[in-house]
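Visitor: Numbering (the numbering used here), first residue to last: 48 to 332.
Just so it is clear, CB atoms sit at the ideal spot from N, CA and C, and this is done for glycine as well.
None of the values given here were measured: they were computed from a predicted structure.
Here it is, the structure, as structure tokens.
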Amino acid sequence: MIDMMTRQALLDSIRSQPDMSVLIIGGGVNGIGSFRDLALNGVDVLLVERGDFASGASAASSHMLHGGLRYLENGEFRLVSEALHERNRMLQNAPHYAHPLPTTIPIFRWFSGILNAPLKFLGLLDRPGERGAVVIKIGLMFYDWFTRDARMTPTHRFYGRDESLKKRPLLNPDILCTATYYDAWMPYPERICMELLADGETAHEQARAVNYVSAVGAEGDAVTLRDELTGETFAVRPKIVVNAAGPWIDFVNQAMGQGTDYIGGTKGTHLIIDHPQLFDSCAGH
Numbered sequence: 048m049i050d051m052m053t054r055q056a057l058l059d060s061i062r063s064q065p066d067m068s069v070l071i072i073g074g075g076v077n078g079i080g081s082f083r084d085l086a087l088n089g090v091d092v093l094l095v096e097r098g099d100f101a102s103g104a105s106a107a108s109s110h111m112l113h114g115g116l117r118y119l120e121n122g123e124f125r126l127v128s129e130a131l132h133e134r135n136r137m138l139q140n141a142p143h144y145a146h147p148l149p150t151t152i153p154i155f156r157w158f159s160g161i162l163n164a165p166l167k168f169l170g171l172l173d174r175p176g177e178r179g180a181v182v183i184k185i186g187l188m189f190y191d192w193f194t195r196d197a198r199m200t201p202t203h204r205f206y207g208r209d210e211s212l213k214k215r216p217l218l219n220p221d222i223l224c225t226a227t228y229y230d231a232w233m234p235y236p237e238r239i240c241m242e243l244l245a246d247g248e249t250a251h252e253q254a255r256a257v258n259y260v261s262a263v264g265a266e267g268d269a270v271t272l273r274d275e276l277t278g279e280t281f282a283v284r285p286k287i288v289v290n291a292a293g294p295w296i297d298f299v300n301q302a303m304g305q306g307t308d309y310i311g312g313t314k315g316t317h318l319i320i321d322h323p324q325l326f327d328s329c330a331g332h
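Structure representation (structure tokens):
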């Protein structure tokens, strides 16, 4: 619930002090992270969000802190290394929000994918294929090696067929072995966003953040903001504008008089299964 007195006082302070160094449009993780960093560096910054903070893509994610194991097959070693280091930083700095996630891979072949992996690495093969134990072992060795200097999770481990079925009796009995490695997950990403927001507001008295305010236009050096609860508009004069509106970047740019076409489509699939027996049999994996 919005504290109208606090919010109104904040809006009044913005109207009375409309000049600031930076205006950030968009209160998701990128906007809030930028807000916090600027505030910690003593920059007077205003963050506006048209709805609830962290209510868009920041909340509607897979909740995974994923190192990107499959990207190794494409040769994207730098991407995987960076993702793993950021994952470990999150596990270290926010253990109350980020948790290790054991992940187990059932394996049915020893050598499948040995030829496909280098072809995919060279960009000569697009279609996915089954990965055998050897390919998975090589990938997981790289995965562990990238975090050798700042390890926050156990290294990977292989289990033979008998031990795998003993641990998880409902696995397909045709498996040869299983491999267990660790990623991480964050069940409530919007909560860490709110913590970062509070950090920024505490760090600098001229770091201000208000939600249910949208950017609806620009003229000269002024940006027009609208209070979405009352419909009232007012102007601010930032030296720099940061568009952190996520999927709505193009709409914000259009409102600012700068037509763009940055956002395109991408597809991914997540399967959400209501199956208590399956959940129990996976034992947290």
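#1: Can you find a heavy atom of the ligand MG that lies under 7 Å from the Cβ of residue 74?
#2: Cβ of residue 294 within 8 Å of Cβ of residue 310?
#3: Go ahead and label residue 326 buried or exposed: buried means 16 or more other beta carbons lie within 10 angstroms of its beta carbon, across all protein chains shown.
#4: Within the same chain, show all residues whose beta-carbon is closer than 7 Å to that of residue 139, passing over the 5 residues directly before and after it, in chain order.
#5: Whole angstroms are fine: how far does the CA of residue 129 sit from the CA of residue 49?
#6: Rounded to whole angstroms, what's the CA-CA distance from residue 222 to residue 314? Just pull it up for me.
#7: Looking at the structure shown, is residue 195 part of a helix, part of a strand, or coil, going by DSSP?
#8: Count the other CB atoms within 10 Å of the CB of residue 249; is the residue buried (16 or more) or exposed (fewer)?
#9: Quick one: residues in its chain with C-beta nearer than 6 Å to the C-beta of residue 300, no 5 flanking neighbours on either side, listed in chain order?
#10: Would a C-beta distance cut-off of 8 Å place residue 152 and residue 181 closer than the cut-off?
#11: Does DSSP put residue 90 in a helix, in a strand, or in coil?
#12: Are residue 240 and residue 82 closer than 8 Å when you measure CB to CB?
#13: Going by Cα to Cα distance, which pick from 106, 71 and 262 is closest to residue 247?
#14: The alpha helix (DSSP H) with residue 147 in it runs from where to where?
#15: What are the residues that DSSP puts in a beta bridge with residue 224?
Guide: According to the structure data:
#1: As for the ligand MG, it is missing from this structure, which has no ligand bound.
#2: yes
#3: exposed
#4: Excluding residues within five positions, the ones whose Cβ falls inside 7 Å are 199.
#5: Legend: pLDDT at residue 49 = 43, less than 50; position of this residue unreliable, value from coordinates given subsequently. Between residue 49 and residue 129, the C-alpha separation is close to 38 Å.
#6: Approximately 30 Å between the Cα atoms of the pair.
#7: coil
#8: exposed
#9: 307
#10: no
#11: coil
#12: no
#13: 71
#14: Per DSSP, residue 147 belongs to no alpha helix (DSSP H); it is in the beta strand (DSSP E), 146 to 154.
#15: 154 and 207
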